[in-house]
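K.L.:
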Amino acid sequence: MFAEDLSPFFDVSSGFAVNAKYDNAYTIPGIFDERPVDILQGEGGVTSSRPTLLVKKLDIELNLLKYSEDFTGWLNYGGSTGVAVDYRTLEDDNPGYIEGITNVSVPIVDNEVLTLSVEIKNDTTPKATRFCELNILMEGGSVIQNQLRIDTDTAETLATGSGDFNILDSGKSTAGVTAGHVRYWITAQNDTSGNYYANALISPAKGAGADLSVPTVSATGTILATKAQLRRTATVGNYQKTTNAPGIEAAYDKPIIVNGTTYTIKDVEPDGTGLVLLELEKV
C-alpha cells in the first residue's frame, strides 16, 4: 500500500502514485503516467509516446560521485602535490604533504546526512608504516572533517574528525564486496553553520604509527581502492557504478519496475525544481 503523501512534491493529477522498484533494490515513490507527455515545454516541445515516471531527483541520484571505480576523474586536494592514480591504485609518494584526492563538490544543507563508502584491498602494510583515511569534508561555513582512518592490514578503524563533526555511524563489511577487499563506510551529519557543499576525500597515507589518531605528514604509501559511493542517506545501500557523471547517469542502465512491469530508462529530464521525469520503455 502506498503510504507517502506525494502532494508536496508532485502534481498527482498528472498520473497516479506508485512505489517503483529501482535496480531491484531501491523503492522510489513517484507519479506514473502512461499517457503521451510534453517532455520539453514551450516552443519546440517534444511529445513522448512512452510512459513516464516523475520522481524526486535525490531519490534517483543514488551515488553522487563520478568515476566511482577507477578514480581517473578525481582531483588533488589542498596541499597535495599529486596523488598518483593508476586506475585503482592510489599513491602518496611525497613525504612533505598529507596528500588526498577528491571528487565532485556536492551541495548540502544544514543537518544533511551523507554516507561515504569505499572498497579497499587488504594488504600486509601495518599502520606503523602507513594507514589511510576516508573523509566527508563539509565546507562553506565552519569547516568540518568527518574522518575514518583505516589499517588495511588488520582492518582496524578509527572514526574521528575536526570542527563540529558529527559522525553518526562507521563500519566495515566483506559481504558482497570484491574478493580480497573490505567495504568501509562513514556516515556524518552537517551542522547549522552554513556549510553548503561537501567533498569525498581519500588519503592513501594519512599517517604512520601505532596510534590511528595521529596524522603523519611524512607517511607515504599505496592503497588499492574501488567502488566509491557517496549518498544522501544514513545507510550504505547497494553500490551503484558511475563514470563521467554522478548517479543520475547510471540510471540509464538500471531496470525499474512499476506495478510489476519492468522498464528500461530511455531518457532523464530534470525539470529544475528538484524533480526528474524518467522516460520509460517496456522490456
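Numbering-wise (the numbering used here), the sequence shown opens with residue 325 and increments by one.
Positions of the beta carbon are idealized from the N, C-alpha and C atoms, including for glycine.
None of the values given here were measured: they were computed from a predicted structure.
Going by C-alpha distance, which of N446, C456, T448 and I432 is nearest I425?
P.N.:
Nearest option by C-alpha distance: C456.
K.L.:
Are L386 and A549 close, meaning C-beta to C-beta below 8 Å?
P.N.:
Against a cut-off of 8 Å, the Cβ pair of A549 and L386 comes out as no contact.
K.L.:
Could you name the residues of the same chain whose beta carbon sits closer than 8 Å to that of N348, not counting the 5 residues immediately before and after it, in chain order?
P.N.:
Correct list, in chain order: P579 and I581.
K.L.:
Who are the near neighbours of Y401 in its chain, counting only those whose CB is closer than 7 Å to its CB and skipping five residues on each side?
P.N.:
G424, I425, T426 and L525, listed in sequence order.
K.L.:
Using DSSP with H/G/I as helix, E/B as strand and the rest coil, what is D535?
P.N.:
The answer is coil: DSSP assigns D535 none of H, G, I, E or B.
K.L.:
Using C-beta distances below 6 Å, list every residue in its chain close to Y346, excluding the 5 sequence neighbours before and after it, in chain order.
P.N.:
I352 and I580.
K.L.:
Nearest-angstrom Cα distance between N490 and G397?
P.N.:
The alpha-carbon atoms of N490 and G397 are separated by roughly 29 Å.
K.L.:
Tell me which residues share the same chain as D475 and place their Cβ nearer than 6 Å to its Cβ, disregarding the 5 neighbours each side in the sequence.
P.N.:
So the qualifying residues of the chain are K451 and F455.
K.L.:
What residue does the beta strand (DSSP E) around A452 start on, and which one ends it?
P.N.:
A452 -> no beta strand (DSSP E), and no H or E assigned at all.
K.L.:
Going by DSSP, what residue range makes up the beta strand (DSSP E) through D447?
P.N.:
No beta strand (DSSP E) contains D447, which DSSP labels as neither H nor E.
K.L.:
Express the C-alpha separation of N446 and G504 in angstroms, rounding to a whole number.
P.N.:
Distance between the alpha carbons of G504 and N446: 6 Å.
K.L.:
Is the beta carbon of L492 less than 8 Å from the beta carbon of T481?
P.N.:
Not in contact: L492 and T481 (Cβ atoms no closer than 8 Å).
K.L.:
Does the distance from the CB of E605 to the CB of R374 come in under 8 Å?
P.N.:
A contact, by the Cβ cut-off of 8 Å.
K.L.:
If I'm right that S517 touches D488 with Cβ under 8 Å, what's the distance once you round it to whole angstroms?
P.N.:
Contact flag correct, Cβ pair sits at about 7 Å.
K.L.:
In this structure, how does DSSP classify L461 when only helix, strand and coil are distinguished?
P.N.:
Here L461 sits in strand by DSSP.
K.L.:
Which runs of the beta strand (DSSP E), 3 residues or longer, sit entirely within the segment 500–545?
P.N.:
Those beta strand (DSSP E) runs which fall completely within the segment 500–545 and span 3+ residues are 505–513 and 521–531.
K.L.:
Using C-beta distances below 7 Å, list every residue in its chain close to A408, excluding the 5 sequence neighbours before and after it, in chain order.
P.N.:
Excluding sequence neighbours, A408 sits near E415 and D417.
K.L.:
Would you say Q553 and S429 are within 8 Å of each other, going by their C-beta atoms?
P.N.:
Not closer than 8 Å, so no.
K.L.:
Roughly how many whole angstroms lie between the Cα atoms of L438 and T588?
P.N.:
Taking the straight line joining both Cα atoms gives about 28 Å.
K.L.:
Give the DSSP-derived three-state secondary structure of K390 in the structure shown.
P.N.:
Residue state, collapsed to three classes: coil.
K.L.:
Report the rounded CA-to-CA distance for T585 versus I355, giving the unit in angstroms.
P.N.:
Straight-line Cα distance between these residues: approximately 15 Å.
K.L.:
Specify, as a first and last residue, the run of the beta strand (DSSP E) that A558 falls within.
P.N.:
It is not in any beta strand (DSSP E) - A558 carries neither H nor E in the DSSP assignment.
K.L.:
Going by the CB atoms, is the gap between K530 and I422 shorter than 8 Å?
P.N.:
Yes, Cβ-Cβ distance for I422 and K530 is below 8 Å.
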